[in-house]
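Numbering (this note's numbering), first residue to last: 320 to 560.
What follows is the structure, given as structure tokens:
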């Protein structure tokens, strides 16, 4: 396992995984050279691990990805898919088996105004051009790429805990977030019901005040006259209308 670029100290993250975007959430990370501008144009992009190329798009229905590729990687982490977008050139074809460190593409600005590497890691094939609209969708399909590489780059075997089953871990997280959404929705419904009960209570209080005032203004032996109310024998009833 290794990084998609070399000389890591010369790069910085321009946009992080999970950041808010105009469409929802950023599914990966945007990397640039610290020298700025388009100085990183043409930089080699390396396979993070041995894998098989599952998609190559030189033209895409999502213009912002430009030229982009997916590579499937099987390992002790389970199955993941690395995604490289905005490529200048692509050096692989669908079905190619690549080894760790192999140059699979070069950094470009296709589908973008400036050159940068947009890369992400998926835990399942959730569409070629899909982007997450919210955190639930993000955590259902994508993981933080830098955290993942840092976790596995020095792996020598043994128990890696939860990250051995990334699919299950992220599925559990998505379920927890869905429960939180459901809980917030139920809370909103309860708050609406409380507001309705408050309104009804205020109406009853107003009716009680009006009735009390009407009774106080009645002469001896008289029945109160109150708009919206009728007298049935000795029982005072509020009209349905």
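Every residue, glycine too, gets a C-beta built ideally from N, C-alpha and C.
The model shown is predicted, which means the values in this text are computed figures rather than measured ones.
Let me confirm a value: residue 362 is counted as buried when at least 16 other C-beta atoms fall within 10 Å, else exposed. Which label applies?
Position 43 of the chain shown, counted from the first residue, corresponds to residue 362. Label assigned to residue 362: buried.
Backbone CA spacing between residue 383 and residue 435 [nearest angstrom]:
Counted from its first residue, the chain shown places residue 383 at position 64. Counted from its first residue, the chain shown places residue 435 at position 116. Rounded to the nearest whole angstrom, the C-alpha separation of residue 383 and residue 435 is 12 Å.
For residue 464, count neighbouring Cβ atoms within 10 angstroms of its own Cβ and tell me buried if that reaches 16, exposed if not.
For the purposes of this step, residue 464 is taken as the residue at position 145 of the chain shown. Buried is the call here.
Classify residue 403 as buried or exposed, calling it buried when 16 or more other Cβ atoms lie within 10 Å of its own Cβ.
Within the chain shown, numbered from 1, the residue matching residue 403 stands at position 84. Residue 403 is buried by the Cβ-count criterion.
Proximity below 8 Å, CB of residue 419 to CB of residue 390:
Position 100 of the chain shown holds residue 419. Position 71 of the chain shown holds residue 390. No, the Cβ-Cβ distance between residue 419 and residue 390 is not below 8 Å.
With DSSP collapsed to three states, give me the class of residue 580.
Absent from the model: residue 580. The displayed extent of the chain is 320 to 560, so no value can be given.
Below 8 Å, how does it come out for the stretch 428–443 and the stretch 392–411: are there three or more Cβ pairs, yes or no?
The stretch 428–443 vs the stretch 392–411: in contact.
Rounded straight-line distance, which links the Cα of residue 325 to that of residue 503
Counted from its first residue, the chain shown places residue 503 at position 184. Counted from its first residue, the chain shown places residue 325 at position 6. The alpha-carbon atoms of residue 503 and residue 325 are separated by roughly 45 Å.
Just the C-alpha distance for residue 483 and residue 350, rounded to the nearest angstrom, thanks.
For the purposes of this step, residue 483 is taken as residue 164 along the chain shown, with counting starting at 1. For the purposes of this step, residue 350 is taken as residue 31 along the chain shown, with counting starting at 1. With a pLDDT of 45 at residue 483, under the threshold of 50, the modelled position of this residue cannot be trusted; read the value that follows with caution. One Cα belongs to residue 483, the other to residue 350, and the distance between them is close to 27 Å.
Cβ-based burial, residue 552 [other Cβ within 10 Å; buried from 16]
Your numbering for residue 552 matches position 233 in the chain shown. Unreliable positioning characterises residue 552 in this predicted model, as indicated by a pLDDT of 47, which lies under 50. A coordinate reading is not provided.
Once the 5 residues before and after residue 441 are set aside, which same chain residues still bring their CB inside 6 Å of it?
Taking the chain shown and counting its residues from 1, one reaches residue 441 at position 122. Excluding the 5 residues flanking it on each side, residue 441 has same chain C-beta neighbours closer than 6 Å at 400, 460, 461, in chain order.
Considering Cα atoms alone, identify which of 335, 353, 345, 337 is closest to residue 327.
Along the chain shown, read from residue 1 onward, the residue named residue 327 stands at position 8. Among 335, 353, 345, 337, the Cα nearest to that of residue 327 belongs to 353.
Can you give me the C-alpha to C-alpha distance between residue 357 and residue 413, rounded to a whole angstrom?
Numbered from its first residue, the chain shown carries residue 357 at position 38. Numbered from its first residue, the chain shown carries residue 413 at position 94. Rounded to whole angstroms, the separation of the alpha carbons of residue 413 and residue 357 is 29 Å.
Can you list, in chain order, the residues of its chain whose CB lies under 6 Å from that of residue 411, leaving out five sequence neighbours each side?
The residue labelled residue 411 in the question sits at position 92 within the chain shown. Counting only Cβ-Cβ distances below 6 Å, and skipping sequence neighbours, we find 372, 423.
Measuring CA to CA, which of 377, 528, 518 is closest to residue 388?
Position 69 of the chain shown, counted from the first residue, corresponds to residue 388. When only C-alpha atoms are compared, the closest one is 377.
Excluding five sequence neighbours on each side, which residues of the same chain lie with their C-beta closer than 6 Å to the C-beta of residue 472?
On the chain shown, position 153 is the one that residue 472 refers to. Here residue 472 has 320 as same chain residues with Cβ atoms under 6 Å from its own Cβ, once five neighbours each way along the sequence are excluded.
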